[in-house]
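Residue numbers (the numbering used here): 35 to 292. Take a look at the structure below.
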Amino acid sequence: MPRTPQQIQELRAKVAQIQSWYHRIDLGDGVETPGHFRMTDYLAHYHFPARLDGMRVLDVGASTGFFAYEFERRGAAEVVAVELPSWGDHDWTPRYRREFEQKSSGEKQNIDREVMRDGFAIVGEAYGSTRVRRIWKAIYDLRASELGQFDIVFSGAMLMHVRDPILGIQRMRECCKDDGRLIVSISTTMPDAQEPIARFVGEWNQCNWWQMSPRALDDVLKCCDFDRIENRATYTLQDVTGQFHDPTYVCHALPRRG
Ligand SMILES: C[S@@+](CC[C@H](N)C(=O)[O-])C[C@H]1O[C@@H](n2cnc3c(N)ncnc32)[C@H](O)[C@@H]1O
35 MPRTPQQIQE
45 LRAKVAQIQS
55 WYHRIDLGDG
65 VETPGHFRMT
75 DYLAHYHFPA
85 RLDGMRVLDV
95 GASTGFFAYE
105 FERRGAAEVV
115 AVELPSWGDH
125 DWTPRYRREF
135 EQKSSGEKQN
145 IDREVMRDGF
155 AIVGEAYGST
165 RVRRIWKAIY
175 DLRASELGQF
185 DIVFSGAMLM
195 HVRDPILGIQ
205 RMRECCKDDG
215 RLIVSISTTM
225 PDAQEPIARF
235 VGEWNQCNWW
245 QMSPRALDDV
255 LKCCDFDRIE
265 NRATYTLQDV
275 TGQFHDPTYV
285 CHALPRRG
């Protein structure tokens with residue numbers, strides 16, 4: 035049903051309440067979330083199937099939800115979007131954690147609301163979404179015994195934020211059907227390196243740990259019970275200002291069977 039002018043105004047007001055949008059998402063009627071990254075411009079590099087009818091999809095590190103809702107739009111029967119329960123649950127350094135813990139509980143709640151929670155919900159409401167649900171978990175806690183297995187497991191631009199990306203990939207493999215696929219994107223400072231290099235990029239006040247070369251990610255995937263790597267692509271992710279540039283590697287990994 036088309037939105038009334040009042041509904042459009044209300045939607046604009048809700049969107050404006052969030053200061054920290056990650057994704058720039060077109061909500062229709064001229065309303066766009068003011069996020070940093072317009073991922074529609076890069077979708078072709080991900081080689082997602084055009085249709086996902088009947089499929090279960092797991093989106094790990096969903097942020098403000100561009101990909102989760104894109105999977106629903108492509109017909110997925112169920113999309114489970116994984117996000118950390120709170121900002122404090124990132125793999126922070128001890129020093130950042132000590133400083134963060136000194137913030138008031140009001141300040142912390144505000145960060146969680148603004149950065150981790152409300153944006154995703156506003157997009158879902160605007161789309162009239164019915165097949166996307168969010169769960170609050172770290173990648174390390176994804177267990178097939180609880181969530182079942184998925185036809186597609188997706189992790190976009192998040193493995194550099196985890197201290198142990200190999201355990202993260204093992205958990206995603208556990209949640210991937212044997213005939214399913216894991217689709218991963220990573221930012222990489224070494225898009226052209228032929229060697230399997232992982233570079234430590236940690237800083238005390240950032241939650242960034244490892245940048246892998248494409249070959250390193252391929253090799254890690256093979257050590258985590260994936261057999262074939264397909265649809266390898268590299269592209270440069272830019273923010274909407276064009277000032278931020280992030281070389282990005284995307285690939286599909288198919289589980290080793292049996
Ligand atoms: C850079 S954003 C990427 C958003 C989206 N996947 C994309 O590709 O545009 C990374 C997301 O991963 C989440 N994240 C970071 N560490 C995580 C962890 N250990 N477990 C689950 N999610 C995590 C962050 O909260 C954030 O929403």
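All residues carry an ideal CB built from backbone N, CA and C; glycine is no exception. Here the structure is a predicted model, which means the values were calculated and not measured.
Where residue i falls: helix, strand or coil (DSSP)
i           : result
residue 272 : strand
residue 227 : coil
residue 206 : helix
residue 35  : coil
residue 121 : helix
residue 105 : helix
residue 184 : strand
residue 63  : coil
residue 263 : strand
residue 92  : strand
residue 53  : coil
residue 177 : coil
residue 191 : coil
residue 83  : coil
residue 196 : coil
residue 218 : strand
residue 278 : coil
residue 211 : strand
residue 257 : helix
residue 235 : coil
residue 111 : coil
residue 287 : strand
Cα-Cα separation, residue i to residue j
i           : j           : result
residue 47  : residue 203 : 39 Å
residue 244 : residue 94  : 18 Å
residue 157 : residue 173 : 23 Å
residue 271 : residue 233 : 19 Å
residue 146 : residue 132 : 17 Å
residue 108 : residue 129 : 43 Å
residue 190 : residue 99  : 11 Å
residue 238 : residue 192 : 18 Å
residue 110 : residue 42  : 27 Å
residue 117 : residue 278 : 24 Å
residue 171 : residue 119 : 6 Å
residue 242 : residue 121 : 14 Å
residue 65  : residue 36  : 13 Å
residue 59  : residue 49  : 11 Å
residue 276 : residue 227 : 25 Å
residue 194 : residue 127 : 14 Å
residue 8   : residue 246 : In the structure as shown, the chain begins at 35 and stops at 292. Residue 8 is therefore absent and cannot be evaluated.
residue 144 : residue 137 : 11 Å
residue 63  : residue 89  : 29 Å
residue 264 : residue 97  : 25 Å
residue 39  : residue 57  : 24 Å
residue 51  : residue 257 : 44 Å
residue 61  : residue 82  : 21 Å
Cβ-Cβ separation, residue j to residue i (assumed contact under 8 Å), whole Å
i           : j           : result
residue 266 : residue 285 : 5 Å
residue 222 : residue 248 : 6 Å
residue 254 : residue 220 : Contact flag wrong, Cβ pair sits at about 10 Å.
Proximity of residue i and residue j at Cβ, strictly below 7 Å
i           : j           : result
residue 296 : residue 269 : Limits of the chain in this structure are 35 at one end and 292 at the other, which puts residue 296 out of reach.
residue 230 : residue 250 : yes
residue 55  : residue 140 : no
residue 91  : residue 167 : no
residue 177 : residue 288 : no
residue 53  : residue 135 : no
residue 206 : residue 235 : no
residue 290 : residue 252 : no
residue 45  : residue 160 : yes
residue 197 : residue 123 : no
residue 151 : residue 112 : no
CB contact below 7 Å: residue i versus chain D
i          : result
residue 82 : In the structure shown, chain D does not exist; there is a single protein chain.
Taking one C-beta from the segment 99 to 107 and one from the segment 72 to 87 each time, how about it: are there three or more such pairs within less than 8 Å? Flag = yes, the segment 99 to 107 and the segment 72 to 87 touch.
Would the segment 181 to 189 count as touching the segment 207 to 222 if we require 3 or more Cβ pairs under 8 Å? Result yes; three or more Cβ-Cβ pairs closer than 8 Å.
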